[in-house]
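Below: one structure, written as structure tokens.
Residue numbers (the working numbering), protein chains in the order written: chain A, 1 to 74; chain B, 75 to 251.
This is the structure in structure tokens:
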């Protein structure tokens, strides 16, 4: 049986998820600027791994957001 | 929703209320929760935008590879450029401005004219042995195209040159990190 959280607990969880998502987004921003710099400098080796890494970050973020919505429905 | 402080006007519980009443709550604590959830949603959308940016870079890289080597194209006759003189030309595409400088009787250098900082046009300062970007005062070494001062961090793309039958030809572009 899934437990239901109080509003204070939900707020704590949302704050924690928000902090994690913010850190991941900052990392993606760094990844994008580094990839652009490499691309403009003619270095092609990092482009695909960086795109895959960024996609993994998005999936992680989407999963965390989904968890927030599922938690609110309980 | 026992955590709710206020009671809806029709007296029914919150889970029976229309969605908008839950999305725009009256209670401060609930509003705080919704605001942070929505901010998280906005950050996830930003995350999606970054992935789109990465895919766009990968696509541009794929297009660049498909284009292959640029064609060999004549730039000027040797005697058209005096020692210490410079001319501009477009290579490989008509909108890709480049600059050719004759630094000695038998020495020529050519670079893309777009500054690697924000794409302003660089101008040669041959007496100082450099290329200068007037927008943000970036400087590049005339012999190598490497950045020496100011905001640019990457060298100017070098145009490969070849001298044949008294004329200078552009044979390729060397993009450097």
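Every residue, glycine too, gets a C-beta built ideally from N, C-alpha and C.
Are the CB atoms of residue i and residue j nearer to each other than 8 Å?
{"i": "residue 243/B", "j": "residue 176/B", "result": "no"}
{"i": "residue 249/B", "j": "residue 41/A", "result": "yes"}
{"i": "residue 107/B", "j": "residue 14/A", "result": "yes"}
{"i": "residue 229/B", "j": "residue 214/B", "result": "yes"}
{"i": "residue 125/B", "j": "residue 54/A", "result": "yes"}
{"i": "residue 7/A", "j": "residue 91/B", "result": "no"}
{"i": "residue 246/B", "j": "residue 143/B", "result": "yes"}
{"i": "residue 117/B", "j": "residue 22/A", "result": "yes"}
{"i": "residue 110/B", "j": "residue 18/A", "result": "yes"}
Closer than 6 Å by C-beta to residue i: which residues in its own chain qualify, once you throw out the five before and the five after it? Chain order, please.
{"i": "residue 203/B", "result": "216"}
{"i": "residue 65/A", "result": "none"}
{"i": "residue 79/B", "result": "101"}
Would you say residue i faces chain A, with C-beta separation under 8 Å as the test?
{"i": "residue 164/B", "result": "no"}
{"i": "residue 80/B", "result": "no"}
{"i": "residue 117/B", "result": "yes"}
{"i": "residue 113/B", "result": "yes"}
{"i": "residue 249/B", "result": "yes"}
{"i": "residue 186/B", "result": "no"}
{"i": "residue 193/B", "result": "no"}
{"i": "residue 98/B", "result": "no"}
{"i": "residue 122/B", "result": "yes"}
{"i": "residue 245/B", "result": "no"}
Using CA coordinates, which residue listed in the options is at the minimum distance from residue i?
{"i": "residue 97/B", "options": "112/B, 87/B and 84/B", "result": "112/B"}
{"i": "residue 132/B", "options": "44/A, 25/A and 61/A", "result": "44/A"}
{"i": "residue 194/B", "options": "181/B, 222/B and 211/B", "result": "211/B"}
{"i": "residue 200/B", "options": "141/B, 126/B and 160/B", "result": "160/B"}
{"i": "residue 157/B", "options": "130/B, 178/B, 117/B and 101/B", "result": "178/B"}
{"i": "residue 52/A", "options": "68/A, 7/A and 35/A", "result": "35/A"}
{"i": "residue 181/B", "options": "231/B, 208/B, 128/B and 235/B", "result": "235/B"}
{"i": "residue 115/B", "options": "74/A, 5/A, 31/A and 63/A", "result": "63/A"}
Quick one: is residue i near chain B, going by C-beta distance under 8 Å?
{"i": "residue 70/A", "result": "no"}
Got a sec? Which residues, its chain only, sit under 8 Å from residue i by beta carbon, not counting five neighbours each side?
{"i": "residue 10/A", "result": "71 and 72"}
{"i": "residue 172/B", "result": "162, 163, 164, 165, 184, 185, 186, 187, 233 and 244"}
{"i": "residue 240/B", "result": "151, 152 and 153"}
{"i": "residue 60/A", "result": "24"}
Closer than 7 Å by C-beta to residue i: which residues in its own chain qualify, once you throw out the five before and the five after it? Chain order, please.
{"i": "residue 39/A", "result": "47"}
{"i": "residue 75/B", "result": "Unreliable positioning characterises residue 75/B in this predicted model, as indicated by a pLDDT of 47, which lies under 50. The coordinate reading is nonetheless provided below. Around residue 75/B: 87, 88 and 89."}
{"i": "residue 99/B", "result": "105 and 108"}
{"i": "residue 141/B", "result": "none"}
{"i": "residue 31/A", "result": "50, 53 and 54"}
{"i": "residue 198/B", "result": "160, 173, 175, 205 and 216"}
Review point. Using a Cβ cut-off of 8 Å, which residues of the stretch 100-111 of chain B contact any Cβ in chain A, in chain order?
Key: 103, 104, 106, 107, 110 and 111
Check your understanding: Just by C-beta distance, which residues in the stretch 126-143 of chain B are closer than 8 Å to chain A?
Key -> 127, 128, 129, 131, 132, 134, 135 and 139
Practice item. Mind checking the stretch 53-65 of chain A against chain B and listing, in chain order, the residues whose C-beta falls within less than 7 Å of any C-beta there? Key: 54, 55, 57, 58, 61, 62 and 65
**Study point:** Contacting positions in the stretch 8-41 of chain A - beta carbon closer than 9 Å to chain B
**Key:** 8, 10, 11, 14, 15, 17, 18, 21, 22, 24, 25, 28, 29, 31, 32, 35, 36, 37, 38, 39, 40 and 41
Point to revise | Proximal residues, the stretch 223-236 of chain B versus chain A, C-beta separation under 9 Å | key: 227, 228, 229 and 231
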